[in-house]
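What follows is a short report on a single structure.
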Amino acid sequence: MSPQLAGVLQLTALIAALALAYRPLGDHMAKVYSSEKNYTPEKWIYKVIGANPAAEMRWPAYLRGVLAFSAVSVLFLYLLQRIQGSLPGSLGFSSIDPDQAFNTAASFVANTNWQSYYGEQAMGHVVQTGGLAVQNFLSAAVGMAVAVALVRGFARSRTGELGNFWADLVRGTVRILLPISVIGAIVLVACGAIQNFSGIHQVGQFMGGTQEWNGGAVASQEAIKELGTNGGGYFNANSAHPFENPNPFSNLFEIFLILLIPFALTRTFGRMVGSLRQGYAILGAMAVIWIGFTALMMWTEFAHRGPAFEIAGGSMEGKETRFGIAGSSIFAVATTLTSTGAVNSFHSSYTGFGGGITMLGMQLGEIAPGGVGSGLYGMLIMAVIAVFIAGLMVGRTPEYLGKKIGTRQIKLAACYILVTPALVLGFTAVAMALPTPGDSMTNSGAHGFSEILYAYTSGANNNGSAFAGLNADTQWFNTTIGIAMLLGRFLPMVFVLALAGSLAEQKPVPETAGTLRTDKPLYAGLLVGTILIITGLTYFPALALGPLAEGLAS
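Residues in the sequence shown are numbered from 9 upward in steps of one, following the numbering used here.
Dropping the structure here:
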């Protein structure tokens, strides 16, 4: 069997598995967020935190809940790292330096999981399981809660109430993320991923030095790392490490976990707004972009030049032989078109165009299918923009799901789509202009510029993957990328929730013969075109200086 055919079969099996899970999971999540029943463990949690799950919140109160909870989470995780040296189960590792502790705390709370450290050489069991793994659940649940609040904004009318943040947070964690993660961890253990609390073991000599391995609760953290589109690896090699991702089946299963909830949320959206066809239109737009990017990546990496590439069947530099080009390409696209950031190969070693595809996937806003929650609300923002553009073309007041898209709504949507490019391009420009940040680049020229551009693209879009050629463990990068992660996560949420509140207050507009049908393939095509054009106009100059220049020169 040729590597290309094997790649097509892997992609086909992945699509089939996602299709089988789409309906039951999407319906289940709609029931979770629409239910008025509270389970006993949930009641205990509400009692501890002093929350009333039945109390409805308007968007400012919902936002305050999101920001307050996230701020406490950042502080807790920061302090946990700073006192690691005095904690049991630290494996002898010292406390984390202030700038790196800030960067890591911001990273995991913002669902970015950018790592400027070697996991197996810096974090003990307590920080890994009690800090990082916990935030893998909670940051994902926050993203889902915000997405559901926006969906309620479309579904409700003549009210500014968007639900209860604390109820959405707890239910998303207890009823969705925890059960699937338990099943996922069991599957990964069966595949060969480790799950223990062992210490550091010396396993022999390696290139004249001693090689040491340490164990950990890897399978359980790997499951929520992928399911919650987090991406932070227990080991520095991330999902290329055999303890995290042992074989081709586990590799395909981890990709399945990455894409599972983001795609299924489109059915949840359709259920909650009362029109499954609206959910299918969003799903169609996501699927077209994802499949297109995957096919383009596989073609780029299989397009070998010279005898070395020909013997290997394509560009194998930086890729694990047990996954091959196809398994690596599918994973790379999945992790950068979502906010996951996990890697099973090193994106810096991809071809110039291949590296550009991973960057462009993030620069689209990670909406195909995007992160857990963030992908859906990002796509719905783009849906509002597409409706507005269509309204301008036909001279009609734009409407979406029976809600008028007026001046206030389009301003909020425009602010949303401007935040991340401003952070990415602004920080990249400053880093390239200053003398010190450039010293962290391993490469010069177009590839060196791509390292900087990729780092801030990954941070501001809450992805977390890296080109791996950049030494990001400096005060400059730890601080600036940390700021980019926090602003890139929570500033857009402000505009999303404000938009949700303004939509919920509206009176539904009756559908007429002139209403744009947003549940048709024509609109899905318009949505895809809008996404690609807006991103192309925003990032094309920067991409031309980096991956495009490198790809054309090779």
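In this text, a Cβ means the ideal position worked out from N, Cα and C, and glycines have one as well.
- A straight-line Cα-Cα distance of about 33 Å links Phe-277 and Phe-84.
- Look at the beta carbons and you see the region 82 to 96 not touching the region 469 to 476: under three pairs across the two are nearer than 8 Å.
- In the assembly as shown, Tyr-408 is a buried residue. Its beta-carbon has 16 or more other beta-carbons within 10 Å.
- Looking only at Thr-546, Leu-177, Gly-559, the smallest Cα-Cα distance to Lys-51 is reached by Leu-177.
- Counting along the chain, the unbroken alpha helix (DSSP H) around Ile-297 starts and ends at 284 to 310.
- At the C-beta level, Gly-240 and Leu-99 stay beyond 8 Å of one another.
- Taking the CA atoms as reference points, Phe-310 sits about 36 Å from Thr-488.
- Annotated three-state conformation of Gln-514 is coil, per DSSP.
- Note on geometry: alpha-carbon atoms of Phe-485 and Gly-399 lie some 43 Å from one another.
- In the structure shown, Lys-327 adopts extended strand secondary structure according to DSSP, grouped into three states.
- Annotation for Gly-151: the continuous alpha helix (DSSP H) segment containing it runs 141 to 163.
- If one requires a minimum length of 4 residues, the alpha helix (DSSP H) runs lying completely within the region 463 to 525 are 483 to 512, in chain order.
- When rounded, the separation of the alpha-carbon atoms in Leu-507 and Pro-187 is 32 Å.
- For His-209, DSSP records a beta bridge to Trp-221.
- Using a 10 angstroms sphere on the CB of Ala-62, the tally of other CB atoms stays under 16, which defines it as exposed.
- At the C-beta level, Tyr-424 and Ile-397 stay beyond 8 Å of one another.
- Met-449 carries a strand assignment under DSSP once its states are collapsed to helix, strand and coil.
- Residues of the same chain with a CB within less than 7 Å of the CB of Thr-465, apart from the 5 flanking positions on each side, are Met-367, Met-370, Gln-371, Val-432 in chain order.
- For Phe-84, the enclosing alpha helix (DSSP H) covers residues 67 to 90.
- Put simply, the region 144 to 160 does not touch the region 17 to 32. Fewer than three CB pairs are less than 8 Å apart.
- Take the alpha-carbon of Val-135 and the one of Ala-289: they are about 42 Å apart.
- Leaving aside the five residues that flank Pro-96 on each side, none in its chain has a CB nearer than 6 Å to its CB.
- The beta carbon of Ile-413 is closer than 6 Å to those of Val-392, Val-395, Phe-396, Pro-406 in its chain, skipping five residues each way along the sequence.
- For Gly-200, there is no enclosing alpha helix (DSSP H), since its DSSP letter is neither H nor E.
- Collapsing the DSSP output to three states places Glu-374 in coil.
- Within the same chain, Ser-81, Leu-85, Phe-116, Val-117 come within 7 Å of Gln-143 by CB-CB distance, once the 5 residues on both sides are set aside.
- Distance check between Tyr-126 and each of Tyr-242, Ala-69, Leu-553, Tyr-70 places Tyr-242 closest, using alpha-carbon atoms only.
- Nearest to Phe-251 by alpha-carbon distance, out of Phe-475, Ala-198, Val-341, Ile-263, is Ala-198.
- Across the structure, Thr-343 and Ile-266 are spaced so that their CA atoms are roughly 7 Å apart.
- Taking all protein chains in view, the Cβ of His-455 is crowded by 16 or more other Cβ atoms within 10 Å, so the residue is classified as buried.
- Between Thr-346 and Thr-308 the beta-carbon gap is near 20 Å, outside 8 Å, which marks them as no contact.
- Beta-bridge analysis with DSSP links Ser-353 to Lys-327.
- Residue burial is scored here from C-beta neighbours: Asn-479 has fewer than 16 other C-beta atoms within 10 angstroms and is therefore classed as exposed.
- Look at Lys-45 here: in three-state DSSP terms it is coil, with no helix or strand label.
- Excluding its 5 nearest sequence neighbours in each direction, Phe-173 has C-beta neighbours in its own chain below 7 Å: Met-65, Tyr-70, Gly-73, Val-74, Ala-153, listed in chain order.
- Per DSSP, the unbroken alpha helix (DSSP H) holding Glu-558 starts and ends at 555 to 561.
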